[in-house]
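Take the sequence shown: its position 42, counting from 1, is numbered 229 in this note's numbering, and each next residue is one higher. No residue lacks a Cβ here, since even glycine has one placed at the ideal position from N, Cα and C. Please read all numbers here as calculations on a predicted model, not as lab measurements.
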Amino acid sequence: MTVPIPLAQLTTLQVGAAPARMREARTRDELVTALREVWADGDDWFVLGGGSNLLVGDEPFDGTVIRILTTGFEEMPAPRDGVVRLRVEAGQNWDELVAWSVANGLRGIEAMSGIPGTAGAAPIQNVGAYGQEIVQTLVEVELIDEATGEVSVVPASELGLGPRTSDLKRHYGEDPARSAVILSLTIELERVGTAPRPITDARIAKAVGLEVGAEATLASIRDRVLAIRASKGMVLDPADDDTRSAGSFFNNPIISERDPRSLPEDCPRWPTEPEIDAVQVIPLDRFDGWIPAPVPHHPPVKVSAAWLIEHSGLRKGFRLGRSRASLSTKHTLAITNRGGASAAEVAELARFVQMRVAQEFGIELRPEPVFVGVEL
């Protein structure tokens, strides 16, 4: 057992009291043992990695916080030439892993540079940025299940990975579909080298301001992404108040295809399903000269939460009265701690943002971070 540390010192939002109990796990075996013992005791618990997607309350958490401090990664046998498989410990710093992969000419996660937190958190919310998501490179995870205490290896296809979600994520007000803790993950990257190569992914090209087909090194893509994130206050920097946040505080809402028609044309929106022209095949021996009308399909649409917030009248840097929490001065989707803010002040601002967007557009914004001891 470790002397509990205030969670304000261990989370990027820098709020939260010290829990009643704390344990540190620096090896896989220590992590498995700690989890099994806490589960056997019936204690309330949660695991803490980098603390970058967490809002913890001002009152002490009456349970056990297990800090995942496992680090390192190793190369595993690959199924074919030209790819590298890495098994990564859950507590490994994510951006250090990205930097290593770029330096070694491995393509697949370079556009996710600068994302704070640990590798074990990446599959939980299917992290992604600038055209890449962990689902594109994730092979499997090794996890321990709370219900049985058993360790198993689960393919990525069985994790329910979706837009910033998985079966392992604890959404606000909901229990996860599967209560388990990731011990390690295996990713597969393409060995392309460090020389310039054409960018073939249109999303990455657009994000870094280049044309499809333009040549760039993995390192130059990483540098461009880091610069973009820094301009939005999304790279941890002790000198920048805007980085005391949990990243994007609200998910981009997914609404029915008809609802966006009531929004202004300039509201950014993206399809949630690929547009595929329907092909209708009618055997000649059954064709009677009549072709049935196609059945209309209206897939859901994702809209920009940042646009909704700004156009509900809340600008960058907005705060309530003398509150020490405010919207980022660089990006309205982040709620920031301007110095000494409480969890209550962060939650108060989040509720106000939700209320304004609901009043203006009739859309409910759902928070992205995990909440412990906090209600909206």
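Look at the alpha carbon of T516 and the alpha carbon of S288, and state the distance between them as a whole number of angstroms.
32 Å
If we count the other Cβ atoms within 10 Å of its Cβ and call it buried at 16 or more, is S449 buried or exposed?
exposed
Terminal residues of the continuous beta strand (DSSP E) containing F539?
Looking at the DSSP string, F539 is not in any beta strand (DSSP E); the run it does join, the alpha helix (DSSP H), is A530 to F548.
What first and last residue would you give for the beta strand (DSSP E) that runs through T373?
A367 to R378
With the cut-off set at 8 Å, would you say G307 and L372 are in Cβ contact?
yes
Please determine, among A537, D453, T459 and A534, the residue with the shortest C-alpha to C-alpha distance to H498.
D453
For R473, which residues from the same chain have a beta carbon less than 8 Å from its beta carbon, with the 5 sequence-adjacent residues on both sides left out?
none
My parser needs the alpha helix (DSSP H) runs of 4 or more residues fully inside the stretch 208 to 275; what are they?
215 to 228
Between the C-alpha atoms of G244 and A309, what's the straight-line distance to the nearest angstrom?
23 Å
Neighbourhood of L507 by C-beta, 7 Å cutoff - its chain only, sequence neighbours within 5 removed:
E535, L536 and F539
Decide if R213 is buried, meaning its Cβ has at least 16 other Cβ atoms within 10 Å, or exposed.
exposed
Three CB pairs or more closer than 8 Å across the stretch 258 to 266 and the stretch 275 to 287
yes
Paired residues, beta bridge with V523 - DSSP
According to the sequence displayed, residue 523 carries Thr and not Val. For T523, which the question treats as bridged, DSSP gives the partners S432 and S513.
Strictly by DSSP, which residues pair up with V490?
R456
Best match in L348, R502 and E333 for proximity to Q323 [C-alpha to C-alpha]
L348
Can you check whether the CB of V379 is closer than 8 Å to the CB of R294?
yes
Quick one: measure Cβ to Cβ for A364 and N438, integer angstroms, because I've assumed they're closer than 8 Å.
Contact flag wrong, Cβ pair sits at about 17 Å.
Would you mind reading off the limits of the alpha helix (DSSP H) that contains E289?
Before going further, note that residue 289 is Val rather than Glu in the sequence given. Looking at the DSSP string, the run of the alpha helix (DSSP H) that includes V289 is W281 to A290.
From A221 to A401, what distance separates their C-alpha atoms?
50 Å
What is the DSSP secondary structure of A414, reduced to helix, strand or coil?
helix
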